[in-house]
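I have placed the structure first, in the form of C-alpha cells, so that the comments after it can refer back to it.
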Amino acid sequence: MKGIYDFWKGYLDLKGFEQRGLLVIIILCGVLFLLPEFIKPASDTDSHELKAFQDLVSKYEEMEFEEDIEDAAELPFDPLRFDPNTVSRSTLLAMGLPPGLVKSIINYRKAGGQFRKSRDLRRMYGMTDEIFSAINGFVDIDSRKENALISSEPDEKSEWNLKRFNPNTVEKPTLTEMQLPTVFVKSLINYRNKGGVYRSMDDIKKLFGSTDELVASLSSFLIFETPDADESFESKSLVLEPQYFDFDPNHISQDSLELLGVSAKVAETWVKFRKSGAVFKKIEDLDAIYGLSADKIDELSPFTVFSNHEIKEAEVVPSVIKNLHVEINKANAEDFQLLHGVGPYYAKQLVNYREKLGGFHSIDQIRETRNFPDSVYQSILEFLILDRVELRQISVNQSSIKELQAHPYISYNQAYDLCNFISGIRRLRDVEDIIRLGFLTEEELKNIGPYFNFD
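Each residue of the sequence shown is one higher than the last, beginning at 16 in the numbering used here.
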C-alpha cells in the first residue's frame with residue numbers, strides 16, 4: 016500500500032508536462048501488452064468462413080438463374096444455330112427451351128461433359144422427342160472439336176434394330192420393334208392414313224422427326240412398291256371402295272372400270288380386248304376377259320346394260336363436242352366427263368382435288384390430280400379454261416397444324432414450323448416473311464402462296 020501511496024504522491028509532485036508524458040508511456044505499454052490478442056495467425060475458422068462466403072455466392076447465382084427462368088417462362092420457341100458445348104444459358108432460354116432442360120445442359124457441361132454429336136442432347140433431363148426434332152437441325156458442333164472427340168470414340172452403329180420393310184404397308188408394332196423414334200413412327204403412319212403414298216426417300220425426308228442420320232440408316236432397308244411396280248398395290252390404292260352404276264361393257268372406259276372395283280390391269284385388258292373387235296352381247300361374254308373372276312362378273316351383272324345395235328369402232332371412243340370449253344373452277348363431274356378420256360372416276364378425282372385445294376388458280380394444277388394420266392391432260396388441255404379465280408384461303412396466323420396440313424401443298428413439318436412460329440405473339444405479315452424464315456421456298460410458294468391470307 017505504501018508503494019502505491021508513494022507512486023501517486025510522486026506523480027502528484029510531478030509537473031504538468033511530466034504527468035502527461037508518464038500517462039502516454041503507461042498507455043503504450045498497455046497497447047503492446049494487448050496487441051497479440053488482436054493479431055492471431057490464420058486458423059481453420061478462416062477457411063470455413065471463406066467456404067461459407069463461396070456458398071453464399073453460389074446461392075446468389077442460383078437465385079439469379081431462377082429469375083432468368085421466370086423471365087423466360089413466357090418466351091415462344093425460336094431455335095437458333097448453336098453449339099451445345101459453348102452456348103450460354105441466356106441464349107438457350109431465349110430460344111424458348113424449357114428452363115429445366117437448359118439447367119441440365121449447363122450442369123452437364125460444368126461437370127466436364129461434352130457433346131460429341133447432336134444426338135447426345137437426347138440424354139439431357141427434360142429433352143423430349145418433339146424438342147429434339149425441332150432443334151436438331153440447328154445444332155452446330157465445332158467440327159474440329161467434334162472430329163477430335165469422335166476419333167477417340169468407338170464406332171457407334173445405329174441404335175435402331177432395322178430390317179427391310181415397305182413404308183406403304185408396314186404396321187406400327189413392327190416400326191416400334193425397330194426402336195425408331197416415336198414421333199417419326201407416328202408421322203409415317205398418319206401420312207399413310209391420310210392417303211399418302213411413299214414413292215422415294217424424298218417422301219421419307221419430309222416426315223416430322225426425320226433426321227439425316229435416320230434417313231441414311233433407313234435408305235438400305237426401305238422397299239418402295241409403287242403402283243407401276245405392283246398390281247395388288249395399285250388395285251388397293253386406286254379402288255379403295257367400289258362404286259356401282261349402270262354401264263355398257265362395250266363403251267365403258269378404263270378409269271370407270273376401276274371405279275367399279277376392277278383392277279387396273281384387268282381394266283386395261285378389258286379395253287384392249289374390246290378394241291381388238293370383240294363385242295359383248297350377254298353377261299357370259301365377259302368370261303373371255305383374262306383375269307376377270309366369276310365372282311366379279313356376278314357382282315357386276317345387275318349393273319350391266321348391253322346395246323342392241325352393232326358396235327362400231329368409232330362408237331367405242333366418244334367424239335369431242337365441237338367448241339367445247341370447260342371452266343375448271345365451275346365444272347361438276349358431269350361437265351368434266353364431256354372431255355375425251357375423262358370418265359366418272361377421273362371426273363370425281365378432279366372435283367375432289369379442286370375441293371381440297373380450295374379452287375384452281377392455274378390450269379396446270381389439273382395435271383397434279385392423283386393418278387391423272389398426262390396423256391389425257393395433254394389431249395384435253397385446249398378445252399380447259401379459267402375465267403375466274405376465287406380461292407378458299409387459309410388464315411395462316413390463326414390456323415392449327417391440322418388445318419394447315421390438310422392442304423395438299425403443305426407437309427406436316429411445314430405446318431408444324433409455321434404454327435410453332437406464330438404460337439407466341441409473333442405474326443407472319445406476307446409471303447416474304449415465310450421465304451426469309453425458310454419455312455417454304457419461292458418455288459413452293461408459287462403454288463401455295465395464292466391460298467394464304469395474313470389477316
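Just so it is clear, CB atoms sit at the ideal spot from N, CA and C, and this is done for glycine as well.
{"Item": "With 16 other CB atoms within 10 Å as the buried threshold, where does K118 fall?", "Value": "buried"}
{"Item": "Residues in its own chain within less than 6 Å of D432 by CB, not counting five upstream and five downstream?", "Value": "F454"}
{"Item": "According to DSSP, which residues form a beta bridge with E314?", "Value": "Its beta-bridge partners do not exist; DSSP assigns none."}
{"Item": "My assumption, with CB atoms under 8 Å, is that N344 sits in contact with E405. Please give the rounded CB distance.", "Value": "7 Å"}
{"Item": "Using C-beta distances below 6 Å, list every residue in its chain close to P388, excluding the 5 sequence neighbours before and after it, in chain order.", "Value": "none"}
{"Item": "Sorted by chain position, which residues of the same chain lie with C-beta nearer than 6 Å to I400's C-beta, five sequence neighbours on each side aside?", "Value": "H340 and E342"}
{"Item": "Alpha carbon to alpha carbon, what distance is there between R207 and L365?", "Value": "21 Å"}
{"Item": "Out of L177, N205, F398 and N100, which has the shortest C-alpha to C-alpha gap to R124?", "Value": "N100"}
{"Item": "When you compare the segment 199–217 with the segment 257–272, are there three or more beta-carbon pairs, one atom per stretch, that lie closer than 8 Å?", "Value": "no"}
{"Item": "Could you tell me the boundaries of the alpha helix (DSSP H) in which D350 lies?", "Value": "A348 to F351"}
{"Item": "So the candidates are N468, S316 and Q413; which of them puts its Cα closest to the Cα of P264?", "Value": "S316"}
{"Item": "Quick check on this structure: which residue in A303, R444 and D302 has the alpha carbon closest to the alpha carbon of Q413?", "Value": "R444"}
{"Item": "Please state if the CB of E283 and the CB of V198 are separated by a distance shorter than 8 Å.", "Value": "no"}
{"Item": "Residues in its own chain within less than 7 Å of N376 by CB, not counting five upstream and five downstream?", "Value": "A quick correction: the sequence has His, not Asn, at residue 376. Closer than 7 Å at Cβ, skipping near neighbours: V404, L406 and P465."}
{"Item": "For my contact list, L116 and G141 are in at a C-beta cut-off of 8 Å; report their separation, rounded to the angstrom.", "Value": "4 Å"}
{"Item": "List, from N- to C-terminal side, the alpha helix (DSSP H) runs of 4 residues or more that fit wholly inside the segment 114–166.", "Value": "114–125, 144–150 and 158–166"}
{"Item": "Considering only C-alpha positions, which residue in the set I267, H266, Y424 and G276 is nearest to Q258?", "Value": "G276"}
{"Item": "Could you say which of E349, F351 and E299 lies nearest to I312 if we only look at CA atoms?", "Value": "E299"}
{"Item": "State yes or no: is the C-beta of Q357 within less than 8 Å of the C-beta of F262?", "Value": "The sequence as given places Val at residue 357; Gln does not occur at that position. No, Cβ-Cβ distance for V357 and F262 is not below 8 Å."}
{"Item": "Quick check: what's the CA-CA separation for F239 versus R104?", "Value": "45 Å"}
{"Item": "May I have the straight-line CA-CA distance separating D93 from R451, to the nearest angstrom?", "Value": "14 Å"}
{"Item": "What is the rounded straight-line gap between the Cα of K286 and the Cα of Q352?", "Value": "Looking at the sequence shown, residue 286 is not Lys but Val. Each residue's Cα considered, the two are about 18 Å apart."}
{"Item": "What separation, rounded to the nearest whole angstrom, lies between the Cα atoms of L4 and S235?", "Value": "Nothing can be reported for residue 4: it is not among the residues displayed for the chain, which extend from 16 to 470."}
{"Item": "If you draw a straight line from the alpha carbon of E246 to that of L354, how long is it in whole angstroms?", "Value": "Summary for E246: the model assigns pLDDT 40, below 50, so the residue's position carries little reliability; its value from the coordinates is reported in the next sentence. Roughly 28 Å between the two C-alpha positions."}
{"Item": "Here's the rule: buried if 16 or more other CB atoms are within 10 angstroms of the residue's CB, otherwise exposed. What is F130?", "Value": "buried"}
{"Item": "Express the C-alpha separation of Q420 and S426 in angstroms, rounding to a whole number.", "Value": "6 Å"}
{"Item": "Enumerated in chain order, which unbroken segments of the alpha helix (DSSP H) with a length of 4 residues or greater are wholly contained in the segment 373–400?", "Value": "389–395"}
{"Item": "What residue from P359, S390, A348 and N386 has the CA that sits closest to E370's CA?", "Value": "A348"}
{"Item": "Determine the direct distance from the alpha carbon of K417 to that of K209, and round the result to whole angstroms.", "Value": "12 Å"}
{"Item": "How far does the alpha helix (DSSP H) with I450 in it reach, from first residue to last?", "Value": "V446 to L452"}
{"Item": "When DSSP builds the beta bridges, which residues end up paired with T319?", "Value": "F262"}
{"Item": "Looking only at its own chain, which residues have a Cβ that is under 7 Å from the Cβ of I150, when we skip the five neighbours before and after it?", "Value": "P94"}
{"Item": "Buried or exposed, going by whether 16 or more other CB atoms sit within 10 Å of the CB of F48?", "Value": "exposed"}
{"Item": "Who are the near neighbours of G373 in its chain, counting only those whose CB is closer than 8 Å to its CB and skipping five residues on each side?", "Value": "L406, R407, Q408, I409, H422 and Y466"}
{"Item": "Kindly indicate which three-state DSSP category D437 falls into: helix, strand or coil?", "Value": "Checking the displayed sequence, the identity of residue 437 turns out to be Ile instead of Asp. Residue state, collapsed to three classes: helix."}
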